[in-house]
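*Asks:* Dumping the structure here so I can ask a few things about it.
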Amino acid sequence: MINFKLFRRYFSRSLATVCLGFLLIGCSAKISDYQSTTPEFDMKTFFDGKLEAYGMVQNRDGKVIRRFRADLIGSWEGNKGVLEEDFFYDDGETQRRVWNLVEHADNRYTGVASDSVGEASGQSRGFAFNWQYTLAIEVDDTVWDIHLNDWIYQLDESRLINQTEMTKWGFKVGQITLVIEKIK
Numbered sequence: 003m004i005n006f007k008l009f010r011r012y013f014s015r016s017l018a019t020v021c022l023g024f025l026l027i028g029c030s031a032k033i034s035d036y037q038s039t040t041p042e043f044d045m046k047t048f049f050d051g052k053l054e055a056y057g058m059v060q061n062r063d064g065k066v067i068r069r070f071r072a073d074l075i076g077s078w079e080g081n082k083g084v085l086e087e088d089f090f091y092d093d094g095e096t097q098r099r100v101w102n103l104v105e106h107a108d109n110r111y112t113g114v115a116s117d118s119v120g121e122a123s124g125q126s127r128g129f130a131f132n133w134q135y136t137l138a139i140e141v142d143d144t145v146w147d148i149h150l151n152d153w154i155y156q157l158d159e160s161r162l163i164n165q166t167e168m169t170k171w172g173f174k175v176g177q178i179t180l181v182i183e184k185i186k
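Structure follows, in structure tokens:
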């Protein structure tokens, strides 16, 4: 025999969870939202030459757990680019990542790095660039595949702000905020 009270409670909670999920998905920013904004972000122009970044990593509750500085060097030959990133964390750890990038039509880019899982992809519209990728990140001697969703907003010709949401199995596990500035 079916317990209708239990079924109704379970169904109501499940329906509420699904509706909340669709509501949150509907509230997500889309790259097309930035179509007519300026200055227009050009990845090849901005990430060409020496750059410097300052940022922080926060846990899922918003607590700052790390701060860092990074030196970046970008170079392009035709539609192929290399972005070298050297990170210096406040706890003394250093990290190097080299992205091999490819420019495609319609302001789209793809890339791979030694610690990326699969291929990263992104697209720009107006002053915004959305870059999505998965990194193999070591946490307490275990390697986790963490999905990163970067939203990059160009402020002027030499500065941008990058906000990154990190997720695992669809759940937010942290975020990164950084400012990148071209060195003249």
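Using our numbering, you'd call the opening residue of the sequence shown number 3 and step up by one each time.
Ideal Cβ placement from N, Cα and C applies to all residues, glycine included.
Give every residue of the same chain whose Cβ lies closer than 7 Å to the Cβ of Y36, excluding the five residues on either side of it in the sequence, and list them in chain order.
*Replies:* Once the five neighbours on either side are set aside, the close Cβ partners of Y36 are R127, G128, F129 and A130.
*Asks:* Grouping DSSP H, G and I as helix and E and B as strand, with all else coil, what is T39?
*Replies:* Here T39 sits in coil by DSSP.
*Asks:* If distances are taken between C-alpha atoms only, which option among K174, G76 and T179 comes closest to D63?
*Replies:* When each option's Cα is compared against that of D63, the closest is K174.
*Asks:* Grab the span of the beta strand (DSSP E) containing F173 for me, first residue to last.
*Replies:* That run of the beta strand (DSSP E) goes F173 to K184.
*Asks:* If we ignore side chains and look at the alpha-carbon of each, how far apart do T169 and N81 end up?
*Replies:* Each residue's Cα considered, the two are about 30 Å apart.
*Asks:* Which same chain residues end up closer than 7 Å to W133 when comparing Cβ atoms and leaving out the 5 residues on each side of it in sequence?
*Replies:* Hits under 7 Å: A122, G124, D152 and I154.
*Asks:* Mind checking which residues open and close the beta strand (DSSP E) that includes F48?
*Replies:* Premise fails: F48 lies in the alpha helix (DSSP H), M45 to F48, not in any beta strand (DSSP E).
*Asks:* Go to N61, then tell me how far its beta strand (DSSP E) extends in each direction, as first and last residue.
*Replies:* It spans G51 to N61 - the beta strand (DSSP E) in which N61 sits, taken as one unbroken run.
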